Amino acid sequence: MNPREATAMAEEYIPDEIAAGLDLFAATWLQQWSEAGGSVQIDAAGRASIGWPSYSHSPECVEVGHDLPDTVRSNQRTFRSGMYDGKMRALLELIDAVPCGHDALKLHMRQHGLAHYLGRPGTPT
209 MNPREATAMA
219 EEYIPDEIAA
229 GLDLFAATWL
239 QQWSEAGGSV
249 QIDAAGRASI
259 GWPSYSHSPE
269 CVEVGHDLPD
279 TVRSNQRTFR
289 SGMYDGKMRA
299 LLELIDAVPC
309 GHDALKLHMR
319 QHGLAHYLGR
329 PGTPT
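Residue numbers (our numbering): 209 to 333.
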């Protein structure tokens with residue numbers, strides 16, 4: 209690949225033909241990720257660290273009604289926790305599946321002067 213035909217990305221390159229679409233993808237992905245409580249940090253070497261809180265500390269956590277039997281409350285909490293973890297893992301799979309997805313995410317953050325993109329906080333239950 210000719211470096212003049214690509215956008216430089218630390219040690220990687222994103223072809224100009226897909227750079228604009230990938231930037232939009234990265235912005236949308238970051239929005240979805242952070243609204244669900246996820247965070248992204250980029251270190252000085254350009255490596256991204258992507259994480260998310262447990263369901264109990266996520267903004268998607270919903271307190272199960274105290275008027276329900278203990279077994280039902282436990283099952284609802286387990287189900288909702290599994291749904292949340294599944295959603296976050298699916299978003300990770302998405303960034304992995306898109307060609308140059310991780311590079312686009314890092315480039316988008318750098319272009320906007322962001323080293324940290326922290327998710328919406330939740331209320332511990």
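Beta carbons: idealized from backbone N, C-alpha and C, even for Gly.
What you are looking at is a predicted structure, and each value in this text was computed from that prediction instead of being measured.
Looking at the backbone, the Cα of Pro-277 and that of Met-291 are separated by about 21 angstroms. Selection Gln-319, Arg-328, His-265 evaluated against Leu-230 yields Gln-319 as nearest (Cα-Cα). For Gln-249, DSSP records a beta bridge to Ser-257, His-324. With a 10 Å radius around the Cβ and a threshold of 16 neighbouring Cβ atoms, Val-248 comes out buried. One Cα belongs to Ala-227, the other to Arg-328, and the distance between them is close to 27 angstroms.
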